[in-house]
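Notes follow once the structure below has been shown.
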Amino acid sequence: MHWPRFAVLVLIATFLQARWIDTIAVTDLRVTPDLLLIAMVFFAVRCNESEAIVTSFVLGFAADIATSGFSMGPLIISFGLFGTALAYLHRLIAIKKAPHEAITIFIIALGTGCMAWLLARVAGQSPRPGGMGALLGTSIYSAALGPVLFLLLDWLMRIKTRRRGRK
Amino acid sequence: MARKRIRISRRMLFAWFILAGFILLFSPLAITSRFQFALARLFHWPLSAGKQMPLSAMTELPLKDDFSRKESQYQNYIANLEEELRQKDQTIQQLSGFRTRLRGLEGAKLVPADVIITSVSGLRSEFIINRGKDDGLTKDLFVIGDNSVIGTISDLYARTAKVRLFSDSSSVVQVNIPDVEINMLMQGAGNNSAKIKMVPVKHEIKIGSPVMLRKKPGYLDSAMIVGEVQQCKRDNKNPALWDITVKPSCDITKLNNVAVLLMNPQGPGNISRVENAKTSGGK
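In the order they appear, the protein sequences are chains H and B.
Residues 1 to 167 in the working numbering are what the first sequence lists, from first letter to last.
Residues 1 to 283 in the working numbering are what the second sequence lists, from first letter to last.
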C-alpha cells in the first residue's frame, strides 16, 4: 500500500466531494455520487484487512468533513464498520467484475447511509437530510460510476492484490 | 541494530478507530463545529479555488450559467426597485412627515465575504464565510447575495462565520407579499425552499409574486426580496389556509461571494476590513 499516494487521493477526493460534486448532480433532488464511499469500497476489496480498516475509517472521517455539514461521527463509524466487514467478506466472495463491484457499492452505500442516519438519531444530531430518495439516488449513481473509477484507482494506486483464504 | 516494528492487532486497530468515532459522535456540536471551522480555515485556499475552476467536461455551461445568473440578478434588482417605489408611494400617501430612508441600502455598510464551504442538502442550508468577529460582524445580521437577502449570521468566530439560509429548517423570518397586506412568517423547508403558512385563503396569492423580507430596524431598513412564490395550494390540515412554497431568488450553489449588511456600523475606525461595496455582481 502506498500511503502517501493514499493521503493525496483522500485529499483530492474530499475536495472534489466538497466542492465539485454538485456540478454533476442530477434530478431535482440534486443526487450526486459519493466519491469517498467508492474509494472506501475500492480499498476494502483491494487491500488486506488491516489496510482496509485504516482506509475505511480515514475515508469516513473525510466524508464527515466533506459532506455532513456540521456534525461528525456517523460516517466515520458507518464507513469503518462496513469497510471492515467488506474486507473480511472479500476473503470469501470474490468481487472482481464490474457488475459485482457496482452491486457492492450500491449495497454498501445504502448500508452506510442508513447506519449514519441511525447513529445521528441516536446521538441527537440532525441526521443527513434528503430522505430515502436521495440515499437511493446516491447509491445508484455511485454504483454506476464506481467501476469506472475503480479502473482509475487501480492505475493510480497500483495495488498488488493478494487474495487470501481462497485458492 | 534492526528497527523494531510496532505491530498492532486488527482488533485493537478497529477498536481504537471505533472509539474515536464514538467520541466524535457524542462530542458537543460546538466542539465539532470548531474543529470543522479549523479545517475549513486550514484548507481555505484549495476549497475556494475549487469553486472557480469548472470541470473540463463542462466548458460550455459557465456561459449559460453566467447568463441566467445575470438575468436573475437583474430580476432581483428590478423587484427591489419596484418594492422601493411601492413603499415610496405609500409614504407619500400617508403624508406622515417622517423622514424615511427610501433607498434601502443607503448609508449601510456591506462587508464582502467569500463562501468557504456550502452545506445545502435536505433540511440543512448553511455555509461558512471568511469574515467574522474581527470584521465587525455580529449575530443575526442579514447576508446578501445576487441582490437578494439569502440568510442571517448564525454563528460567529474570529475570522469566520456561519450563515443560516432562509431555506434552512430552523430559519423563521417575517415576510410579506406585495398587494397582500398581512404579515407572514416564512420558515425554511429544506431542499432550497421555504414555506409560508397561516395565510387565509381569502387573500389572492399569485405564482411568481415576489416575497419580500420585512424591514427590521437596526438590521434592514427597507424590505428586500428573498424569493418568489413557487407554489400555492390549500393546507392539507386546514383548508381555510394557504400552504405557500417559496423559492429563494438566489441560487446558493453557484454563489462564490456574498455581502453582510451592516445597517448601523460602529464607525470606520472600528471595522478594519469593512468596505463600501456593492453586492457581488450587483448593480
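Cβ atoms here follow ideal geometry from the backbone N, Cα and C, with glycine treated the same way.
In summary, the residues of the stretch 21 to 48 of chain H whose CB is separated from some CB of chain B by less than 7 Å are 22 and 23, in the order they occur in the chain. Rounded to the nearest whole angstrom, the C-alpha separation of residue 257(B) and residue 112(B) is 7 Å. Residue contact with chain B for residue 18(H): present (Cβ-Cβ distance below 8 Å to some residue of chain B). For residue 140(H), there are no C-beta contacts with chain B under 8 Å, since the nearest C-beta of that chain is about 17 Å from it. Beta-bridge pairing by DSSP links residue 129(B) to 115(B) and 161(B). Looking at the backbone, the Cα of residue 212(B) and that of residue 259(B) are separated by about 18 Å. Rounded to whole angstroms, the gap between the alpha carbons of residue 186(B) and residue 166(B) is 8 Å. With 16 or more neighbouring CB atoms inside 10 Å of its own CB, residue 40(H) falls in the buried class.
At a Cβ-Cβ threshold of 8 Å, residue 249(B) and residue 190(B) do not count as neighbours.
The contact set of residue 8(H) on chain B, defined by CB atoms closer than 8 Å, is empty, because the minimum CB distance reaches about 12 Å. Looking only at 68(B), 263(B), 69(B) and 117(B), the smallest Cα-Cα distance to residue 220(B) is reached by 263(B). Distances from the CA of residue 170(B) to each of 181(B), 152(B), 176(B) and 42(B) were compared; the closest alpha carbon is that of 152(B). Interface annotation, residue 24(B): in contact with chain H, CB-CB separation under 8 Å. In this structure, 109(H) is the residue among 140(H), 109(H) and 144(H) with its C-alpha nearest to the C-alpha of residue 60(H).
Across the structure, residue 39(B) and residue 140(H) are spaced so that their CA atoms are roughly 30 Å apart. Among the residues of chain B, those whose CB is under 8 Å from the CB of residue 72(H) are 24, 25, 27, 32, 35 and 36, following chain order. Cβ contact annotation for residue 235(B) (same chain, cutoff 7 Å, sequence separation greater than five): 197, 241, 242 and 243, in chain order. Considering only 2(H), 133(H), 78(H) and 42(H), the residue with the shortest C-alpha distance to residue 30(H) is 133(H). Contact with chain B is found for residue 119(H), since one of that chain's Cβ atoms lies less than 8 Å from the residue's Cβ.
Spatial neighbours of residue 231(B) in its own chain (CB-CB distance under 6 Å, excluding positions within 5 residues in sequence) are listed in chain order as 245. The C-alpha of residue 77(H) is placed about 22 Å away from the C-alpha of residue 102(H).
Contact residues of the stretch 78 to 94 of chain H toward chain B are 80 and 84 (C-beta to C-beta distance below 7 Å).
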